[in-house]
């Protein structure tokens, strides 16, 4: 009983302050009602009071035809409930979405009602201040437009005996379908590198190819930590088609693509999409960063021994997270690169190898293209095999 009273006191105090901010202290006290309540979203052991200015977000991967997520919610009473069961109704509320758009200058589209199902009643049983959990199920399918943000609002209604606070009676949820929600990456340290198991030397990629990857550098080389020539190797073949940061005449945070400093100051702790299209027929290469063409230049070369995180010696490794690493035996167009930074159909015919960094089998990063060019992790110095562990990601955002 003592803990319950402490919870009620804290709840009343926090919502009283929230109402003070809205200049509505009478509402916070539930004036004229026997009982007051507030609505909450629930995730795990965490409860967050409903708010008209924050929303719970859902992101669905557009490569999947349909994604369904379930969200929980409940209400809590301000006072002891010793007399009877208390029931509060939950309603689908398009007006709250329109109000949110007007207040915050947004253009979110109302999520169609047929995309949701939800518990329409919540009950706090006699003797309890907390209700049961209700559930909202949202389905994001192909009928939702890619990149468009949709919103749904659920509002708890006030009954004759219970006042649901106006600043805590509506739960907002946003839904967006994006290409390639990335849920994991691989963190490569300077001590290790990766190679293709069974095909360390590429056999058939040809002279017209594309290398691309999502890269998040933890640290570049710098003063007191220059390694060998300030180099952090991304991938490719030493002395041929190689992508690396830094060199004796290149800043440690500049990408050198097949011998060319592309002139971009990369920052640490930030995701970038890097693509380099190499055409040995014309002798030219084209570099892209975050879907934008940076430069086309007179330099091209071939791939042979293909390594990720190593070139020339063991002192040129990289400290970075990697995802969506791909090799193509084709010249990808600017539009193809821009449209597929976060993911691509693994069945694309010109994919030579595709490491999403989302699946490990037999201690190898799986090649999603189906060509069985799986990656092995090895120590830089003695090439002993190392254990592969993926890093969880809650989606990856690339700045335009």
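In mature numbering (1 follows the signal peptide of the UniProt record, and there is no 0), the protein residues as written are -18 to -1, 1 to 382.
Positions of the beta carbon are idealized from the N, C-alpha and C atoms, including for glycine.
Between residue i and residue j, is the Cβ-Cβ spacing less than 7 Å?
i           : j           : result
residue 339 : residue 305 : yes
residue 37  : residue 144 : no
residue 296 : residue 363 : yes
residue 214 : residue 372 : no
residue 302 : residue 199 : yes
residue 336 : residue 328 : yes
residue 271 : residue 290 : no
residue 96  : residue 358 : no
residue 286 : residue 222 : yes
residue 314 : residue 259 : yes
residue 224 : residue 119 : no
residue 235 : residue 202 : yes
residue 56  : residue 115 : yes
residue 108 : residue 169 : no
residue 153 : residue 42  : no
residue 188 : residue 311 : yes
residue 211 : residue 186 : no
residue 151 : residue 131 : no
residue 117 : residue 52  : yes
The beta strand (DSSP E) with residue i in it runs from where to where?
i           : result
residue 278 : 274 to 279
residue 178 : 174 to 178
residue 159 : 152 to 160
residue 372 : 372 to 374
residue 169 : 166 to 170
residue 293 : Unbroken run through residue 293: none, as it is neither H nor E.
residue 18  : 17 to 25
residue 30  : 28 to 31
residue 333 : 333 to 337
Where do the ends of the alpha helix (DSSP H) carrying residue i lie?
i           : result
residue 85  : 76 to 86
residue 318 : 316 to 321
Mind reading off the beta-carbon distance from residue i to residue j? Whole number of angstroms is fine, and I expect it under 8 Å.
i           : j           : result
residue 141 : residue 73  : Incorrect: roughly 13 Å between the Cβ atoms, too far for contact.
residue 282 : residue 240 : 7 Å
residue 44  : residue 128 : 5 Å
residue 324 : residue 161 : 5 Å
residue 197 : residue 155 : Actually they do not touch by this definition, with Cβ atoms about 33 Å apart.
residue 58  : residue 124 : The pair is not a contact, with the Cβ atoms about 38 Å apart (cut-off 8 Å).
Return the CA-CA distance between residue i and residue j, expressed in angstroms with no decimal places.
i           : j           : result
residue -13 : residue 54  : Any reading at residue -13 must be qualified, since the residue scores a pLDDT of 38, below 50, and its modelled position is unreliable; the value itself is stated next. Taking the straight line joining both Cα atoms gives about 24 Å.
residue 121 : residue 326 : 22 Å
residue 355 : residue 361 : 19 Å
residue 320 : residue 194 : 11 Å
residue -11 : residue 26  : In this predicted model, residue -11 has a pLDDT of only 45, less than 50, meaning its place in the structure is not dependable; the value taken from the coordinates is given anyway. Roughly 21 Å separates the two Cα atoms.
residue 207 : residue 158 : 42 Å
residue 379 : residue 249 : 15 Å
residue 106 : residue 61  : 12 Å
residue 226 : residue 349 : 23 Å
residue 274 : residue 22  : 43 Å
residue 377 : residue 68  : 40 Å
residue 134 : residue 148 : 17 Å
residue 9   : residue 77  : Reliability of the predicted coordinates at residue 9 is poor, the pLDDT of 41 falling under 50, and the value obtained from them is presented with this limitation in mind. The alpha-carbon atoms of residue 9 and residue 77 are separated by roughly 21 Å.
residue 35  : residue 49  : 26 Å
residue 345 : residue 172 : 19 Å
residue 263 : residue 342 : 37 Å
residue -18 : residue 46  : Residue confidence is low: residue -18 scores 44 on pLDDT, short of 50, so the model does not pin down where it sits. No coordinate-derived value is stated.
For residue i, would you say it is in contact with chain C, using Cβ-to-Cβ distances shorter than 7 Å as the test?
i           : result
residue 331 : The question asks about chain C, but that chain is absent: this structure has only one protein chain.
Can you look up residue i in the DSSP assignment and give me helix, strand or coil?
i           : result
residue 349 : coil
residue 287 : strand
residue 303 : strand
residue 103 : strand
residue 48  : strand
residue 148 : helix
residue -14 : The predicted position of residue -14 is uncertain, since its pLDDT is 41 and thus under 50; no value can be drawn from it.
residue 327 : coil
residue 369 : coil
residue 43  : strand
residue 8   : Residue placement at residue 8 is flagged as unreliable, the pLDDT there being 35, under the threshold of 50; the coordinate-derived value follows with that caveat. Correct three-state label for residue 8: helix.
residue 95  : helix
residue 136 : strand
residue 57  : strand
residue 211 : coil
residue 384 : Only positions -18 to 382 of the chain appear in this structure, which leaves residue 384 out of reach.
residue 238 : strand
residue 363 : coil
residue 3   : Because residue 3 sits at a pLDDT of 39, beneath the cut-off of 50, its placement in the model cannot be relied upon, and the point is left open.
residue 264 : coil
residue 205 : coil
residue 356 : coil
residue 248 : coil
residue 184 : coil
residue 193 : strand
residue 228 : strand
residue 112 : strand
Any heavy atom of the ligand SAM closer than 6 Å to the Cβ of residue i?
i           : result
residue 176 : The model depicted lacks the ligand SAM and carries no ligand whatsoever.
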